[in-house]
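Undergrad: Pasting in a structure now, in structure tokens, and then I'll have a few things to ask.
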Amino acid sequence: MKLGFVFPGQGAQCVGMGWELANNYEAASKIVRQADEVLGFALSDLMYQGPLSQLKLTFHTQPALLTASVAAYQVWLEETGIRPQVVAGHSLGEYSALVVAGVLDFPAAVHLVYMRGRWMDEAVPAGQGGMTAVLGMEAAALEEVCRQASQGDSVVELANVNCPGQIVISGAMPAVQRAGTLAKAAGAKRVIPLEVSGPFHSSLMRPAAAKLSEALAKTDFHRTSMPIVTNVDAIPHVEPVQIRSTLEKQLYQPVLWEQDVHTMLEMGVEAFVEFGPGNILSGLIRKVDRRIPAFHVENERSLRETAQSLKNLS
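Quick note: the sequence shown, position 222, residue 968 per the working numbering, numbers continuous.
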């Protein structure tokens, strides 16, 4: 059976994430210890005990999600020996996917995403940018809404095309608010402002992307035989030079998650497994194609259930 393993991005974080696996499996505990050592502070305390207000800061969220996701995968690999044929991640989750594919070493990745979070946080002053989920509109119609709502430097753009009828927009706060009002008038079912610290995946992130590009150039990337389907183009990549380029662009271009899923299905993927807290991506995958099995692994129970489900399918 051809498997696609997927890894979540910001929004999946929660206090207690990763604790159960790290408390019971050395494979997970080792990853968490590495993260603490590389960062020079107790990321594990934030993951396990919070407070949520600190965990939600993007420069804490990003390394925490990477750590929890990679730890869950390492336990899975140790317990089942089952590897994927293709990987993908949603936004920050691409870095987890790259570790699993062997493109990035975990210590390098955790440092990189911590700095990525810092640069994203610095790119736009707090409160001046935001993101909003729009439900029940087609991408083309919402793009036109964003065009109408953008005025000069106050821009709003598509940020995440997650699944049919669920798209996130991002940009300067006044433009995002105008777009929300216009989207409702144009027939959107719901408009939901998101609790995020900045206008991620919009052109306002270009200053962060410039700094990230320099860091990526200094980071060792390894060629992989396991393709990663990337967010900015929904194309499978194995070459480091291509992957570096997509990671930089990903900061200011939309996450094409729906297309990512279609690409993996076209590659022959028959089931998906999501690693990390929650099951957000599993839900999105089912909305793209309800016939495709999608499971998740975040603790002992979900690990056992997913392993059994895959055994039953095969």
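Positions of the beta carbon are idealized from the N, C-alpha and C atoms, including for glycine.
1) Buried or exposed for D966, please, with buried defined as at least 16 other CB atoms from any protein chain shown within 10 angstroms of its CB.
2) Between which residues of its own chain and V914 is the CB-CB distance below 6 Å, once the five residues before and five after are set aside?
3) Pick out whichever of A768, H806, A818 and R779 has its Cα sitting closest to the Cα of F1021.
4) Can you tell me where the beta strand (DSSP E) holding H1042 begins and where it ends?
5) Look at the Cβ atom of L928, then the Cβ atom of P830, and state whether they are nearer than 8 Å.
6) With H, G and I counted as helix, E and B as strand and the rest as coil, what does DSSP make of S959?
7) Give the DSSP-derived three-state secondary structure of P797 in the structure shown.
8) What first and last residue would you give for the beta strand (DSSP E) that runs through S916?
9) From W822 to V1043, what distance separates their C-alpha atoms?
10) To the nearest angstrom, report how far apart Q874 and S896 are at their CA atoms.
11) Cα separation between L811 and A834?
12) Return the CA-CA distance between A887 and Q1005, expressed in angstroms with no decimal places.
13) Taking all protein chains shown into account, do 16 or more other C-beta atoms lie within 10 angstroms of the C-beta of Y1026, making it buried, or fewer, making it exposed?
14) Can you give the Cα-Cα distance for V816 and A931, rounded to whole angstroms?
15) So what does DSSP say about E903, is it helix, strand or coil?
TA: Considering the structure as presented:
1) exposed
2) M877, A879, A905 and N906
3) A818
4) A1040 to V1043
5) no
6) helix
7) coil
8) Q912 to A918
9) 8 Å
10) 14 Å
11) 15 Å
12) 18 Å
13) In the sequence as displayed, the identity of residue 1026 is Ile instead of Tyr. Result: buried.
14) 43 Å
15) strand
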